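Numbering (our numbering), first residue to last: 266 to 603.
Cβ atoms here follow ideal geometry from the backbone N, Cα and C, with glycine treated the same way.
Note that the structure is predicted; figures quoted are calculated from it, not measured.
For reference, the structure is listed below as structure tokens.
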Ligand SMILES: NC(=O)c1ccc[n+]([C@@H]2O[C@H](COP(=O)([O-])OP(=O)(O)OC[C@H]3O[C@@H](n4cnc5c(N)ncnc54)[C@H](O)[C@@H]3O)[C@@H](O)[C@H]2O)c1
């Protein structure tokens with residue numbers, strides 16, 4: 266039995282809870298949140314995930330408001346750090362120093378220095394540190410990467426990724442709407458696509474971005490061109506200043522020499538491959554959702570099972586580095602080299 270704890274029972278803490286509870290031989294034994302009212306909210310994890318609507322049940326789980334006490338009393342194998350981003354470093358390091366493996370939500374940290382300290386703690390303690398870049402585990406994105414890597418449809422000529430959201434209103438003490446705490450939509454939301462661009466194509470040589478500010482006071486809608494040595498045209502657009510009536514959409518188009526791969530979470534069918542020599546088809550994708558697949562990967566790694574290197578701490582830092590370069594480019598309105 267793998268004994269798991271969660272710190273931060275907000276939007277993502279509930280999502281992690283749901284995923285662990287659905288797994289065999291995993292027990293959420295303790296949860297920590299400084300806001301005790303969170304333990305009274307047994308409503309669903311929600312989000313845009315099918316099946317995430319079951320009520321939460323905290324029976325037989327140790328409920329804490331202090332991580333130190335939880336670590337001493339709960340004998341955890343692993344901890345999900347689902348706290349506001351500006352707290353990731355302090356709590357992730359504290360857990361690893363107490364001998365606990367950590368799954369920390371994305372973005373890893375607000376800056377590269379904090380991320381490096383987290384990696385150093387992981388190396389010093391020998392404890393795992395996985396960052397929650399769930400898009401690397403999202404079934405359609407996984408399949409798109411598999412198709413691109415296979416070379417079956419030739420080289421990538423262009424790709425565009427979008428992640429557009431209404432303004433999030435749920436965050437604890439409004440931390441998301443404070444750019445000093447969240448890094449604004451660029452670092453909080455758009456990083457999913459920057460990270461996937463890195464996953465698919467490696468780090469670009471430079472970025473060119475334009476951004477507009479919004480309710481966080483920072484880059485709340487950003488458009489970036491990722492520059493590579495060849496002529497491929499790679500862009501991503503992300504932000505959280507869409508209207509409530511718009512809701513949330515994530516999508517991509519990948520143009521290859523012999524096919525276009527299209528995903529749009531609001532369309533039906535959501536995922537299609539349109540080859541140059543036949544009809545469009547909907548490829549089979551892995552089961553589950555990005556969150557549950559990422560958590561299953563983490564638990565397997567904690568148990569010492571052999572898992573592929575899908576997201577390393579160094580790549581997680583690179584994604585922070587990438588978005589910070591995008592923010593710099595937007596501020597300077599010029600290309601920034603990486
Ligand atoms: N992977 C994804 O798709 C995704 C989606 C949303 C959020 N996130 C990330 O998850 C993290 C959490 O975001 P959220 O939306 O769940 O935030 P949230 O505001 O909903 O939840 C934060 C929780 O932390 C608790 N908390 C605050 N200080 C604490 C402390 N010192 N000790 C214990 N608990 C404390 C709050 O009471 C709250 O319950 C962020 O890094 C965010 O970027 C990831």
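Burial is judged here by how many other beta carbons sit within 10 angstroms of a residue's own beta carbon; residue 266 has fewer than 16 and is exposed. With the rule of 3 Cβ pairs closer than 8 Å, the region 330-342 counts as touching the region 291-310. Between the region 581-597 and the region 483-494 there are three or more inter-stretch CB-CB distances shorter than 8 Å, so the stretches are counted as touching. When secondary structure is reduced to three states using DSSP, residue 341 falls in the coil class, being assigned neither helix nor strand. Annotation: residue 554 to residue 285 spans about 13 Å, alpha carbon to alpha carbon. The beta carbon of residue 441 sits closer than 6 Å to the beta carbons of 433, 447 from its chain, once the five residues preceding and following it are set aside; these are given in chain order.
Collapsing the DSSP output to three states places residue 346 in a strand. A straight line joining the alpha-carbon of residue 277 with that of residue 495 spans about 38 Å. Less than 8 Å divides the Cβ of residue 518 from the Cβ of residue 527.
In the DSSP assignment, residue 477 is bridged to 486. Under DSSP, residue 515 forms a beta bridge with 428.
Taking residue 502 as the centre and dropping the five residues before and after it, the same chain places the C-beta of 427, 488 closer than 6 Å to its C-beta, in chain order. DSSP places residue 582 within a helical segment (H, G or I) once states are collapsed to three. In this structure, 395 is the residue among 358, 395, 306, 305 with its C-alpha nearest to the C-alpha of residue 580. Counted as a single uninterrupted DSSP element, the alpha helix (DSSP H) harbouring residue 390 occupies residues 377-390.
Residue 529 is bridged by DSSP to 516.
By the Cβ-count criterion, residue 282 is buried, with 16 or more other Cβ atoms from all chains shown falling within 10 Å of its own Cβ. Within the same chain, 269, 270, 271, 282, 285, 286, 326 come within 8 Å of residue 293 by CB-CB distance, once the 5 residues on both sides are set aside. Residue 548 and residue 541 have their C-alpha atoms spaced approximately 16 Å apart.
Put simply, of 406, 306, 290 the residue whose alpha carbon is nearest the alpha carbon of residue 275 is 306. Checking the 7 Å criterion, the Cβ of residue 277 is within range of a heavy atom belonging to ligand 1. Assignment of residue 372 by DSSP, reduced to helix, strand and coil, places it in the coil class. Residue 403 has its Cβ no nearer than 7 Å to any heavy atom of ligand 1.
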